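**Q** Chains as they are written, first to last, in the numbering used here: chain A, 1 to 432; chain B, 433 to 738. Beta carbons: idealized from backbone N, C-alpha and C, even for Gly. Just so it is clear, the structure is predicted and the values come from calculations on it, not from any experiment.
Below, the structure written as structure tokens:
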């Protein structure tokens, strides 16, 4: 209750920063640092481009904090017009029927056309409902890709691996050359969710959770995933893989300092990495297992989408639609893509970047988008799982136990499945 | 019983003089009561209420589920593990923060020259906010650049905060203790300085052993202060270490140790599971209630206030 009151007060404080005559709309997001600055630049561009609406972006901390603030504000009736919600929180907001106006409805009601096919394939399904209607407007989208320390590979005399089999072959040489062959920054995203999409394996029942919340069950005890973690554990013991904990930067730092040869990070890390890396680097797709049937399909997106919250006046909703329209224009997408490293979400923006010669200058910027544009498999479109931020926490805990030797891979995955399924069943009760 | 009734008469007379209306004292108390009601009772009642429901995060609907939020939590081995860690963590933090604080206070009390500088050096740490303390501690224990990690390596101990359960627990305890020592120090020092010099001198004449003098004379006289600090430190370890823990695990608990209050935050605030999180806070309230009753009934009996 205290939280709702204080958040409502906060929301009120922000709503007083008005400008003249225009309809004010607010946008709560979970981005900080350089990415937060770019959001402010996007808002300034929108405000300068027209005079009917004035958009105020407000940083709410991390993705999790932005979602929690949005929920609390909604309960207090002080919600922002636009709320940024990250991939793992998508099920929470999409299943709350009536909390948001589906982006597609909002845009068509405002008189704009909406073409689902204008968006690139990896982006099109993640924030849409089972029929493919866009509920959230995809905003910052990223793919997990493999960054390469060029010097390390040259020194070891090897090529970047496309598959994990190839990685196994070159890892001893990289180690001999004095490098940590492999590090990664988020096991849940890179070695679970996207392991399923890249290898085209079903992640959860009910069509990966899209069809219904009732009786949705995880498939993390899949023998292929078990094999992946057995391999990671063995690689760690052999010195081919290093793990510094669940913190993103602890793992990225080793690569930045040139100590690691390969790092699985986000395509959105590219902007920052250009400033922090101490050596020349390049990037390629997230590897897959050649031995798994169907492997090599595209990956799901990560990142976040923008949701238009309900309970607002028609004028304000019109402004939100205007902004979504502005945001998806090729020019703005290209600007955002270039400034942050997140992928361009529409085909037109991608074409514009290509035409401009951006990828000739910065080939790494294209890796993520190319990975999302790979042929889709049956199970590579996305997932929709309730209480998923908590399920991710269970995964992080159990994966940590695997690497510290406290649990076997089999036990850890079984625990994740059991506790995860309990949470999914609880979520079905709250959303049902 | 003339004396007793006379006293009663005096008291009622005194009241009548101070407050002409019987409602006036309540009026004066009202702001305080309102604050307690709004910020303590109301949220508590809400927590108890929502602990019996499974609620959709956005507040569209709630299903009554009886005790199932409680049974779910108490059945969970993870939760019981966190409860166990919380107990150990609280005991260790309170013990070390109190004993080191007391030791420093005794030493500072014995210093004659430059004792102001010495005291100030020990006290200023208290001005640091817990998250900042956590941040500083995190830097000391950083896997890549931490000086304490380098130091431990000399002895063959490879500290991995954020990765190794017991190493992270060790770092959390060190930082939490470090943060609380100055507070204890201030209270113990003023307690020590409140002991009359005549008592000390008499004790010094009677007993030559400084250690025995401390146990038999000084410590009993410090008991009220120590009892107060015990409660404060237990509460501190249970609740106020939140900032330290948050910074240390960097929003990713993973397989690092956390305390019960952090779990409430993770499930409720981050995980949007309001029912489960409310049940946990009610459990936590009960734990604190039991602990407080225990402390007052069994430990306070040994405390003499004059």
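Is the CB of residue 144 of chain A under 7 Å away from at least one CB in chain B?
**A** Chain B, which has no Cβ nearer than 7 Å to the Cβ of residue 144 of chain A, makes this no.
**Q** Under 7 Å Cβ to Cβ from residue 572 of chain B, same chain only, skipping five residues before and after it: list those, please.
**A** So the qualifying residues of the chain are 578, 579, 580.
**Q** Using a Cβ-Cβ cutoff of 7 Å, what residues of the region 366-389 of chain A are near chain B? List them in chain order.
**A** Listed by position along the chain: 387, 389.
**Q** Going straight from the alpha carbon of residue 132 of chain A to that of residue 85 of chain A, what length do you get?
**A** Taking the straight line from one Cα to the other gives about 18 Å.
**Q** Go to residue 600 of chain B, then tell me how far its alpha helix (DSSP H) extends in each direction, as first and last residue.
**A** Run containing residue 600 of chain B: 597-625, per the alpha helix (DSSP H) assignment.
**Q** So, does the CB of residue 397 of chain A fall closer than 7 Å to a CB anywhere in chain B?
**A** Output row for residue 397 of chain A: interface = yes.
**Q** By the three-class DSSP mapping on this structure, what secondary structure does residue 319 of chain A have?
**A** The answer is helix: DSSP assigns residue 319 of chain A an H, G or I state.
**Q** Just to confirm the assignment: which complete beta strand (DSSP E) runs, minimum length 3, are found wholly within the region 166-226 of chain A?
**A** Runs found: 180-184.
**Q** With distance defined between alpha-carbon atoms, name the residue in B:587, B:490, B:530, B:627 nearest to residue 76 of chain A.
**A** Measuring from the Cα of residue 76 of chain A, the nearest candidate turns out to be B:490.
**Q** Throw me the rounded Cβ distance for the residue 433 of chain A and residue 149 of chain A pair, which I believe falls under 8 Å.
**A** Because chain A is modelled from 1 through 432, residue 433 of chain A falls outside the range shown and cannot be assessed.
**Q** On the criterion of 16 or more Cβ atoms from any shown chain inside 10 Å, does residue 87 of chain A qualify as buried, or is it exposed?
**A** By the neighbour-count rule (16 or more Cβ atoms within 10 Å), residue 87 of chain A is buried.
**Q** Measure the C-alpha to C-alpha separation of residue 462 of chain B and residue 732 of chain B and round it to an integer number of angstroms.
**A** So the two alpha carbons sit approximately 31 Å from each other.
**Q** Check the Cβ of residue 229 of chain A against every Cβ in chain B and list those closer than 9 Å, keeping chain order.
**A** Within chain B, no residue comes near residue 229 of chain A; the closest Cβ sits about 14 Å away, beyond 9 Å.
**Q** Could you tell me which residues DSSP puts in a beta bridge with residue 58 of chain A?
**A** The partner list for residue 58 of chain A (beta bridge, DSSP) reads A:28.
**Q** My output table needs one value for residue 306 of chain A: the three-state DSSP class, helix, strand or coil.
**A** Looking at residue 306 of chain A - three-state DSSP - the assignment turns out to be strand.
**Q** Buried or exposed: which applies to residue 520 of chain B, given that a residue is buried once 16 or more other Cβ atoms fall within 10 Å of its Cβ?
**A** Residue 520 of chain B should be labelled exposed.
**Q** Is residue 682 of chain B close to chain A? Criterion is C-beta to C-beta, closer than 7 Å.
**A** Yes - at least one Cβ of chain A is within 7 Å of the one on residue 682 of chain B.
**Q** Can you list the alpha helix (DSSP H) stretches of 4 or more residues lying completely in the region 74-159 of chain A, in chain order?
**A** Runs found: 90-95, 103-109, 121-124, 150-156.
**Q** Just checking, does the region 154-166 of chain A make contact with the region 355-367 of chain A on the three C-beta pairs under 8 Å criterion?
**A** Verdict: no, contact absent.
**Q** Rounded to whole angstroms, what's the CA-CA distance from residue 620 of chain B to residue 602 of chain B? Just pull it up for me.
**A** Looking at the two C-alpha atoms, the distance is approximately 26 Å.
**Q** Are there 16 or more other CB atoms within 10 angstroms of the CB of residue 661 of chain B, so buried, or fewer, so exposed?
**A** Label assigned to residue 661 of chain B: buried.
**Q** Rounded to a whole number of angstroms, what is the C-alpha to C-alpha distance between residue 164 of chain A and residue 144 of chain A?
**A** Looking at the two C-alpha atoms, the distance is approximately 15 Å.
**Q** Along chain B, which residues have their Cβ under 7 Å away from the Cβ of residue 71 of chain A?
**A** What residue 71 of chain A touches in chain B: 489, 490, 704.
**Q** According to DSSP, simplified to helix, strand and coil, what is residue 345 of chain A?
**A** Residue 345 of chain A: coil per DSSP, three-state reduction.
**Q** Are there three or more Cβ pairs, one per stretch, closer than 8 Å when the region 246-259 of chain A is compared with the region 179-196 of chain A?
**A** Touching, yes, given that three or more Cβ pairs across the two stretches are closer than 8 Å.
**Q** Give a yes or no on contact between the region 482-500 of chain B and the region 706-718 of chain B, applying the rule of three or more CB pairs nearer than 8 Å.
**A** These segments touch.
**Q** Check whether chain B comes within 7 Å of residue 246 of chain A, counting only Cβ atoms and requiring the distance to be less than that.
**A** Answer yes: the Cβ-Cβ gap between residue 246 of chain A and chain B drops below 7 Å somewhere.
**Q** Return the chain-ordered list of same chain residues with a C-beta closer than 7 Å to the C-beta of residue 635 of chain B, the five sequence neighbours on each side being excluded.
**A** Excluding sequence neighbours, residue 635 of chain B sits near 645, 649.
**Q** Can you list, in chain order, the residues of the region 50-80 of chain A whose Cβ is nearer than 7 Å to any Cβ on chain B?
**A** Residues 62, 64, 68, 71, 74, 75.
**Q** At 7 Å on the CB atoms, spell out the chain A contacts of residue 522 of chain B, in chain order.
**A** Going along chain A, no residue has its Cβ under 7 Å from residue 522 of chain B, so there is no contact; the nearest lies around 22 Å.
**Q** For my contact list, residue 599 of chain B and residue 605 of chain B are in at a C-beta cut-off of 8 Å; report their separation, rounded to the angstrom.
**A** Not really, about 11 Å apart at Cβ, beyond 8 Å.
**Q** Considering just the uninterrupted stretch of the alpha helix (DSSP H) at residue 517 of chain B, what are its terminal residues?
**A** From DSSP, the alpha helix (DSSP H) with residue 517 of chain B extends over 509-542.
**Q** Between which residues of its own chain and residue 290 of chain A is the CB-CB distance below 7 Å, once the five residues before and five after are set aside?
**A** Cβ neighbours of residue 290 of chain A beyond the five flanking positions: 163, 165.
**Q** Would residue 431 of chain A count as contacting chain B if we go by Cβ distances under 7 Å?
**A** For residue 431 of chain A, the answer is yes, since a Cβ of chain B falls inside 7 Å of its Cβ.
**Q** Could you tell me the distance, in whole angstroms, from the CA atom of residue 498 of chain B to the CA atom of residue 705 of chain B?
**A** Looking at the two C-alpha atoms, the distance is approximately 16 Å.
**Q** Beta carbons nearer than 9 Å to chain B: which residues of the region 248-274 of chain A have them?
**A** Result list: 248, 249, 250, 253, 254, 257.
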